[in-house]
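Peer 1: In case it helps, the numbering used here puts the sequence shown at residues 244 to 374.
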Amino acid sequence: MAWLGHFNYWIFVFLMMAGFYTVIARGNLIKKIVGLNIFQTSVFLLYITMGKVSGGTAPIVPEGGSEGVVYSNPIPHVLILTAIVVGVATTALGLALIVRIHEAYDTIEEDEIQDIEENANTLENSGGQAS
244 MAWLGHFNYW IFVFLMMAGF YTVIARGNLI KKIVGLNIFQ TSVFLLYITM
294 GKVSGGTAPI VPEGGSEGVV YSNPIPHVLI LTAIVVGVAT TALGLALIVR
344 IHEAYDTIEE DEIQDIEENA NTLENSGGQA S
């Protein structure tokens, strides 16, 4: 039962694997973005949990100083805030690219886009004549 003491790590592993599976197994580009966001969220939760100090307080030092007080390290939290901003920007860029792909191909399914590209290459190589 010692593994129950680390249940948060099992949650992170589950979220990471679910996000990774969604990115790999799905052909829909929107679902791939959602899977990437699930994966990113699991990493954020992992770092926030690792930055937690038992009995630690916010790293705000009063004017008179404080002896023997345990402070939480703010660096993991700051890095995760930065990573969240980068994740939102990455998601926005990915969705903008998906909109452009949909305008160009009328689909957001990987297999259909690949078929359209292969058909275009076949027509181009055969001199524009359909076989």
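Don't be surprised by glycine CBs; every beta carbon is placed ideally from N, CA and C. As the structure is a prediction and not an experimental result, all values here were calculated from the model.
In chain order, what residues of the same chain lie with their CB nearer than 7 Å to the CB of S374, ignoring the 5 residues before and after it?
Peer 2: Residue mapping note: residue 374 aligns to position 131 of the sequence shown, counting from 1. With a pLDDT of 49 at S374, under the threshold of 50, the modelled position of that residue is not reliable, and the figure given next carries that caveat. None.
Peer 1: Can you check whether the CB of L324 is closer than 8 Å to the CB of Y290?
Peer 2: Counting from 1 along the sequence shown, the entry for residue 290 is found at position 47. Counting from 1 along the sequence shown, the entry for residue 324 is found at position 81. Not closer than 8 Å, so no.
Peer 1: Straight-line CA distance for N271 to I351?
Peer 2: Against the sequence shown, residue 271 aligns to sequence position 28. Against the sequence shown, residue 351 aligns to sequence position 108. If you take the alpha carbons of N271 and I351, they lie about 6 Å apart.
Peer 1: Please report the distance separating the alpha-carbon of N251 from that of M260.
Peer 2: Here residue 251 corresponds to residue number 8 of the sequence shown, with the count starting at 1. Here residue 260 corresponds to residue number 17 of the sequence shown, with the count starting at 1. One C-alpha to the other measures close to 14 Å.
Peer 1: Which class does S374 belong to by DSSP, given the choice of helix, strand or coil?
Peer 2: In the sequence shown, counting from the first residue as 1, residue 374 sits at position 131. Here the model assigns S374 a pLDDT of 49, short of 50, so the residue's position is not dependable, and the following value carries that caveat. Of the three classes helix, strand and coil, the one that applies to S374 here is coil, per DSSP.
Peer 1: Under the rule that 16 or more other beta-carbon atoms within 10 Å means buried, what is F257, buried or exposed?
Peer 2: Sequence index remark: in the sequence shown, residue 257 carries index 14 (1-based). The residue is exposed, with fewer than 16 neighbouring Cβ atoms inside 10 Å.
Peer 1: Can you give the Cα-Cα distance for A335 and V329, rounded to whole angstroms?
Peer 2: Mapped onto the sequence shown, residue 335 falls at position 92. Mapped onto the sequence shown, residue 329 falls at position 86. So the two alpha carbons sit approximately 10 Å from each other.
Peer 1: Taking 8 Å as the cut-off, does the segment 302-316 touch the segment 265-285 (at least 3 CB pairs, one atom from each stretch)?
Peer 2: no
Peer 1: Helix, strand or coil: how does DSSP classify T300 here?
Peer 2: As a position in the sequence shown, residue 300 is number 57, starting the count at 1. Looking at T300 - three-state DSSP - the assignment turns out to be strand.
Peer 1: Across the segment 359-372 and the segment 283-299, are there enough close Cβ pairs to call them in contact, namely three or more that are closer than 8 Å?
Peer 2: no
Peer 1: Can you tell me where the alpha helix (DSSP H) holding V312 begins and where it ends?
Peer 2: Taking the first residue of the sequence shown as 1, we reach residue 312 at position 69. Where V312 is concerned, there is no enclosing alpha helix (DSSP H), given that its DSSP letter is neither H nor E.
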